[in-house]
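Colleague:
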Ligand code: ATP
Ligand code: MG
Ligand code: MG
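Residue numbers (the numbering used here): 1 to 546.
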């Protein structure tokens, strides 16, 4: 393993293994199935599965499904898909916290028997008020005086569904004056009557995070439980529960790391769900969404996302990662891999008056600096299309492409020169009449003509029509809060772009560089038979700041 990746969590794992504290490292990735996983989850997946892999341990995939109101089976599937797609394997170790409801209940009963938990009947507002503040100690509810027998009976009746939601909660008896607010008799169970997506109406009480998480970790034999910094104060509760129940060693320990925050991105399933529900995006897998399914459909490779997560590393302090780093990661991954092809996004017809017949030009798919083999035939004839932006009648200074006075090279083919500009009644250019230099063919050019650039083009009759979708950032501000910050221009659809025929006929790859336009991927969801749709994964250069 490279030194670069030996972060503080790996240092802890190495120490624990060296000291013989654990025989094997066991981590877990514990998402709640209440939405599609996002790039922040990728960070946690890469961390947890990565540590298990690096130290020959194992990583469990656990659905942390203790909230019947928000969880669904389709999210379970989306999470599994995402982890697999990123290249990780949980093997046999796929679990549900909901499978532990019976055991968790028994642990709660044990705490009650020990006098360490009680049924409280204050309402939500009173609970908050009694808890005190950071500067004021809290006070304990009168209900904390209930006897063990009364608590056992009430808890049993809560389970059976005899009380309305909010009537009672189960709390740990810890310390209402603790400087750590989380230790002021934390809630362990609450009443919920909504059916659970897996256990249906079996349960009317559901364990809180603080109670379920440490015990689920313990039940599964987790050694290192990594969570984000917001849970730092929960660690004391985590330890209190395991210590009070005197669980058998070896027991798990919690460690915190900084969550991934990224500019121009919202990173919370709740906020992402809002975008889906309001119809601001096509769905969880919209190619603009920061979900793993969204990046996948857009054309990101799993390698690029894993590399990104390794590049940002894990730290002990929160920070905001620049989204351009993720864009760098995908360019860096695709640049040495993918074929270069030509696609004209805004076609302008060019008729080469002195060209007769047709030919096929052999052109490599890869530039010299990409060590890959492969080429295709480019059909060429007197009618071609170039991009509108590659011709200027009144060029600004420094314009290197085709103008009435300046020839240009057609990539892999000939140099052409503009003879005449044809316009419609509105004055819009509809066609260029041109002339080519027969001795200027790329690779055997003896024309002696100097050009300043080469542009992409396609042969008119043989080009395929494709839809192209260009994406911009979903949010227009660095620190977006919600739908009000959406970028209205995040999607630009080009209904009819023209692409060279080899792309669809030969399918040399799944991802392409369209010369000078960026990296593209055939959208597996939006494409239909006879109607291919290409997503721009990322432009060639970071041009957003301009
Ligand atoms: P969200 O607010 O998006 O719902 P969450 O933390 O509630 O996030 P969970 O499904 O509970 O989502 O998270 C599963 C795991 O992923 C947790 O261990 C959590 O720490 C981790 N995780 C979630 N968001 C991030 C993030 N932005 N960066 C790193 N890890 C994250
Ligand atoms: Mg959570
Ligand atoms: Mg959440």
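Built from N, CA and C at the ideal position, the CB exists for glycine as well.
Grab me the residues of residue 395's own chain with a C-beta within less than 6 Å of its C-beta, minus the 5 sequence neighbours each way, in chain order.
Modeller: Taking the first residue of the chain shown as position 1, residue 395 is located at position 395. Cβ within range, chain order: 403.
Colleague: Could you have a look at residue 316 and say whether DSSP puts it in helix, strand or coil?
Modeller: Here residue 316 refers to the residue found at position 316 of the chain shown. Residue 316: coil per DSSP, three-state reduction.
Colleague: Between the Cα of residue 462 and those of 9, 475, 455, 498, spot the shortest distance and give me the residue it belongs to.
Modeller: Mapped onto the chain shown, residue 462 falls at position 462. Checked all of 9, 475, 455, 498; the closest Cα to residue 462 is 498.
Colleague: Around the C-beta of residue 18, are 16 or more other C-beta atoms found within 10 angstroms, so that it is buried, or is it exposed?
Modeller: To locate residue 18, count along the chain shown from 1; it is residue 18. Exposed, because fewer than 16 other Cβ atoms sit within 10 Å of the Cβ of residue 18.
Colleague: Nearest to residue 166 by alpha carbon, out of 21, 115, 121?
Modeller: Reading the chain shown from its first residue, position 166 is the one you call residue 166. It is 121 whose Cα lies nearest to the Cα of residue 166.
Colleague: Starting from the C-beta of residue 420, find all residues in its chain whose C-beta is less than 7 Å away, skip the five residues before and the five after it, and write them out in chain order.
Modeller: To locate residue 420, count along the chain shown from 1; it is residue 420. Same-chain partners within the cutoff: 433.
Colleague: Which residues in the same chain have their Cβ closer than 6 Å to the Cβ of residue 63, if we skip the five residues on either side of it in sequence?
Modeller: On the chain shown, residue 63 is found 63 positions in, with the first residue counted as 1. Closer than 6 Å at the Cβ level, and outside the excluded window around residue 63, lie 33, 76, 96.
Colleague: Measuring alpha carbon to alpha carbon, tell me which residue in 290, 104, 264, 255 is nearest residue 272.
Modeller: Start at 1 with the first residue of the chain shown, and residue 272 comes out as number 272. The residue with the shortest Cα to Cα distance from residue 272 is 290.
Colleague: Could you tell me if the beta carbon of residue 93 falls within a distance shorter than 7 Å of some heavy atom in ligand 1?
Modeller: As a working note, residue 93 is residue 93 in the chain shown. No, the Cβ of residue 93 stays beyond 7 Å of every heavy atom of ligand 1.
Colleague: Among all the DSSP beta bridges, which residues are the ones paired with residue 518?
Modeller: In the chain shown, counting from the first residue as 1, residue 518 sits at position 518. The partner list for residue 518 (beta bridge, DSSP) reads 514.
Colleague: What I want to know is whether the C-beta of residue 260 ends up closer than 7 Å to one or more non-hydrogen atoms of ligand 1.
Modeller: Taking the first residue of the chain shown as position 1, residue 260 is located at position 260. Under cutoff, so the answer is yes.
Colleague: Please find out if some non-hydrogen atom of ligand 1 comes closer than 7 Å to the beta-carbon of residue 66.
Modeller: As a working note, residue 66 is residue 66 in the chain shown. Because no heavy atom of ligand 1 lies under 7 Å away, the Cβ of residue 66 does not count as near it: no.
Colleague: So, for residue 454: in the same chain, excluding its five sequence neighbours on each side, which residues have a beta-carbon less than 6 Å away from its beta-carbon?
Modeller: For the purposes of this step, residue 454 is taken as residue 454 along the chain shown, with counting starting at 1. Answer for residue 454: 409, 411, listed in chain order.
Colleague: Do residue 111 and residue 288 come within 8 Å of each other at the CB atom, strictly closer than that value?
Modeller: For the purposes of this step, residue 288 is identified with residue 288 of the chain shown, where counting begins at 1. For the purposes of this step, residue 111 is identified with residue 111 of the chain shown, where counting begins at 1. Not closer than 8 Å, so no.
Colleague: Is residue 214 near ligand 1 - that is, is its Cβ less than 7 Å away from at least one heavy atom of it?
Modeller: Within the chain shown, numbered from 1, the residue matching residue 214 stands at position 214. Every heavy atom of ligand 1 is 7 Å or more from the Cβ of residue 214, so no.
Colleague: Nearest to residue 365 by alpha carbon, out of 503, 81, 471?
Modeller: On the chain shown, position 365 is the one that residue 365 refers to. The option with the nearest alpha carbon to residue 365 is 503.
Colleague: For residue 193, which residues in the same chain have their Cβ closer than 7 Å to its Cβ, ignoring the five residues on either side in sequence?
Modeller: As a first step, residue 193 must be located in the chain shown, where it is residue number 193. Excluding residues within five positions, the ones whose Cβ falls inside 7 Å are 161, 165, 204.
Colleague: For the beta strand (DSSP E) containing residue 170, name the first residue and the last one.
Modeller: If you number the chain shown from 1, residue 170 lands on position 170. Where residue 170 is concerned, the enclosing beta strand (DSSP E) stretches over 169-172.
Colleague: Less than 7 Å separating the Cβ of residue 137 from some heavy atom of ligand 1?
Modeller: Position 137 of the chain shown, counted from the start, is the residue given in the question as residue 137. Answer for residue 137: no, Cβ out of range of ligand 1.
Colleague: From the DSSP secondary-structure annotation, give me the bridge partner or partners of residue 187.
Modeller: Taking the chain shown and counting its residues from 1, one reaches residue 187 at position 187. DSSP lists 171 as partners of residue 187.
Colleague: For residue 523 and residue 104, what's the separation of their Cα atoms in angstroms?
Modeller: As a position in the chain shown, residue 523 is number 523, starting the count at 1. As a position in the chain shown, residue 104 is number 104, starting the count at 1. Spanning the two alpha carbons is a distance of roughly 45 Å.
Colleague: How would you label residue 537, buried or exposed, when you count the other beta carbons within 10 angstroms and need 16 or more for buried?
Modeller: Numbered from 1 along the chain shown, position 537 holds the residue referred to as residue 537. Its Cβ being crowded by 16 or more others within 10 Å, residue 537 is buried.
Colleague: Ligand 1 heavy atoms versus the CB of residue 227: any closer than 7 Å?
Modeller: By 1-based counting over the chain shown, the position of residue 227 is 227. Yes, the Cβ of residue 227 comes within 7 Å of a heavy atom of ligand 1.
Colleague: Can you look up residue 498 in the DSSP assignment and give me helix, strand or coil?
Modeller: Walking along the chain shown from the start, residue 498 turns up at place 498. Residue 498: strand per DSSP, three-state reduction.
Colleague: Does ligand 1 have a heavy atom nearer than 7 Å to the CB of residue 492?
Modeller: Along the chain shown, read from residue 1 onward, the residue named residue 492 stands at position 492. The answer is no for residue 492.
Colleague: Measure the alpha-carbon distance for residue 20 versus residue 14 and round it to whole angstroms.
Modeller: Reading the chain shown from its first residue, position 20 is the one you call residue 20. Reading the chain shown from its first residue, position 14 is the one you call residue 14. If I take the Cα positions, the gap works out to 10 Å.
Colleague: Taking 7 Å as the cut-off, is the C-beta of residue 515 nearer than that to any heavy atom in ligand 1?
Modeller: For the purposes of this step, residue 515 is identified with residue 515 of the chain shown, where counting begins at 1. No, since every heavy atom of ligand 1 falls outside the 7 Å radius drawn around the Cβ of residue 515.
Colleague: Measuring alpha carbon to alpha carbon, tell me which residue in 345, 389, 217 is nearest residue 496.
Modeller: The residue given as residue 496 occupies position 496 in the chain shown. Ranking 345, 389, 217 by Cα distance to residue 496 puts 345 first.
Colleague: When you compare only the Cα positions, how much space is there between residue 368 and residue 500?
Modeller: One-based indexing of the chain shown puts residue 368 at position 368. One-based indexing of the chain shown puts residue 500 at position 500. In a straight line, the C-alpha of residue 368 is about 21 Å away from that of residue 500.
Colleague: Could you tell me whether the stretch 195-203 touches the stretch 248-262, where touching means 3 or more Cβ pairs closer than 8 Å?
Modeller: No, the stretch 195-203 does not touch the stretch 248-262.
Colleague: I'd like the ranges of any alpha helix (DSSP H) spanning at least 4 consecutive residues and lying wholly in the stretch 111-179.
Modeller: The DSSP assignment places complete alpha helix (DSSP H) segments of no fewer than 4 residues inside the stretch 111-179 at 124-130, 148-160, in order along the chain.
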